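Undergrad: Residue numbers (the working numbering): 58 to 296.
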């Protein structure tokens, strides 16, 4: 099964620092993904409806043809004689002779409403793009901090705490120093947990901004630009 786009993007950002990532975004590709956001798809439907209104308003400039048909049944006359039924066919032709007032206003109003919706969609797309850029930067920073804690700070603090405790047990260290080292290690673990929680929240924001992607892949240009592109693919979603 294909991975959600947000999960794949998070994975492609990787757990390693990615210098200059903000300058290597494939903005066009991201904009294409943003355009699939439900909010913007709703705008597309409303714009399509408005465009239909414009076309209907423009139809008022054109002549209208109509065909009518009527059938009338007649009973026998008082003398009992048959009477012929009635059938008539008519053709109507409506030719708009003065189109400079009401028709122009109708078309202008419908066009203005459609253009206003297009502008609103563009503003919403820019807003979502700005949120996406911010979210990508946030998740990159959190990846960097998580890597720093996981690979450097926590192992070092664990070693220091263990060394302080060993020194105390060998009567070569201070008990208070051993306690301080252990507290520092616990505080670092709490900070690490906060980083992971914040990262998962950021991934949730990413999932909101980016719809599921059938291919589950980033553009090749972005994959090549990210040093972590060849790293783990699903670890981006794990604490």
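Note that CB positions come from ideal geometry on N, CA and C, so glycine has one too. Only a predicted model underlies this, so the values are computations on that prediction, with no experimental measurement involved.
1. Helix, strand or coil: how does DSSP classify residue 130 here?
2. Beta-carbon within less than 6 Å of residue 249's beta-carbon, same chain only, minus the 5 sequence neighbours each way: which residues are those?
3. Which of the three DSSP states, helix, strand or coil, is assigned to residue 110?
4. Pair every Cβ in the region 177 to 184 with every Cβ in the region 247 to 266, then say whether three or more of these pairs are closer than 8 Å.
5. Can you tell me whether DSSP reads residue 143 as helix, strand or coil?
6. Within the same chain, show all residues whose beta-carbon is closer than 8 Å to that of residue 115, passing over the 5 residues directly before and after it, in chain order.
7. Comparing C-alpha positions only, which one of 239, 166, 185 and 173 sits nearest to residue 90?
8. Kindly indicate which three-state DSSP category residue 96 falls into: helix, strand or coil?
9. By DSSP, does residue 87 sit in helix, in strand, or in coil?
10. Would a C-beta distance cut-off of 8 Å place residue 253 and residue 198 closer than the cut-off?
11. With residue 218 and residue 242 assumed to form a contact (beta carbons below 8 Å), what rounded beta-carbon distance in angstroms separates them?
12. Provide the residue(s) that pair with residue 191 in DSSP beta bridges, ordered along the chain.
13. Please determine, among 97, 225, 168 and 200, the residue with the shortest C-alpha to C-alpha distance to residue 265.
14. Could you pull the DSSP bridge partners for residue 266 from this structure?
15. Select from 229, 104 and 201 the residue whose C-alpha is nearest the C-alpha of residue 173.
16. Whole angstroms is fine: what's the gap from residue 44's alpha carbon to residue 196's?
17. Could you check how far apart the C-beta atoms of residue 192 and residue 263 are, in whole angstroms? I think they sit under 8 Å.
18. Threshold first: 4 residues or longer. Then list the alpha helix (DSSP H) segments lying entirely within the region 194 to 253, N to C.
19. Are the Cβ atoms of residue 92 and residue 182 separated by less than 8 Å?
20. Here's the rule: buried if 16 or more other CB atoms are within 10 angstroms of the residue's CB, otherwise exposed. What is residue 238?
21. Distance, Cα to Cα, residue 213 vs residue 194?
22. What's the call for residue 227, buried or exposed, on a 16-neighbour Cβ count within 10 Å?
23. Is the beta carbon of residue 166 sitting closer than 8 Å to the one on residue 107?
24. From residue 251 to residue 215, what does the alpha carbon distance come to, in whole angstroms?
TA: On the basis of the coordinates in this document:
1. coil
2. 206
3. helix
4. The region 247 to 266 and the region 177 to 184 do not touch, with fewer than three beta-carbon pairs separated by less than 8 Å.
5. The answer is strand: DSSP assigns residue 143 an E or B state.
6. 164
7. 185
8. helix
9. helix
10. no
11. With 8 Å as the limit, residue 218 and residue 242 qualify as a contact, their Cβ atoms being about 5 Å apart.
12. Note: residue 191 sits in no beta bridge, so no partner.
13. Nearest Cα to residue 265 within the set 97, 225, 168 and 200: 97.
14. Looking at the DSSP assignment, residue 266 forms no beta bridge with any residue, so it has no partner.
15. Of the candidates 229, 104 and 201, the residue whose Cα lies closest to the Cα of residue 173 is 104.
16. This structure cannot speak to residue 44, because the chain is shown only from 58 to 296.
17. 5 Å
18. 211 to 226
19. Inclusion of residue 92 and residue 182 in the CB contact set at 8 Å is warranted, their separation being smaller than that value.
20. buried
21. 27 Å
22. Residue 227 comes out exposed.
23. no
24. Going by the C-alpha atoms only, they are around 18 Å apart.
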